[in-house]
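Residue 39 in our numbering is what sits at position 36 of the sequence shown, and the numbering runs on without skipping anything. In this text, a Cβ means the ideal position worked out from N, Cα and C, and glycines have one as well.
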Amino acid sequence: MWLITTNDNLLALRFFQKRGFCISAVYPDAIQHSRRLKPEIPLIGREGIFLRDELELESFLAMKPTSIQ
């Protein structure tokens, strides 16, 4: 399972890392591209942090073995 969040979303980063997700990729300045499509994205996000990068987190889900019938 994977997700993408922004560099200012500390609550999401804490929430998902506590649940075993790891940062698997960082996309520097990705929000600049998003602003071309959606100019209302603010420059400053949560906690007064400049809204700039996207972070990808992933977690590998354990598969339960199935019985063969």
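Separation of residue j from residue i, as counted between CA atoms
i, j, result
"arginine 55", "leucine 13", "14 Å"
"glutamate 59", "valine 29", "6 Å"
"phenylalanine 63", "lysine 41", "32 Å"
"phenylalanine 53", "alanine 65", "36 Å"
Nearest to residue i (by Cα), restricted to the options the options
i, options, result
"isoleucine 34", "Phe63, Met4, Glu57 and Trp5", "Glu57"
"methionine 4", "Arg22, Ile52 and Asp11", "Arg22"
"aspartate 32", "Thr9, Glu61 and Leu16", "Thr9"
Whole-Å CB distance - residue i paired with residue j, under 8 Å assumed
i, j, result
"isoleucine 44", "arginine 38", "5 Å"
"glutamate 50", "aspartate 11", "6 Å"
Enclosing beta strand (DSSP E) for residue i [first to last residue]
i, result
"isoleucine 34", "Not the beta strand (DSSP E): isoleucine 34 falls in the alpha helix (DSSP H), residues 33 to 40."
"alanine 28", "25 to 30"
Element boundaries [alpha helix (DSSP H), containing residue i]
i, result
"leucine 13", "13 to 21"
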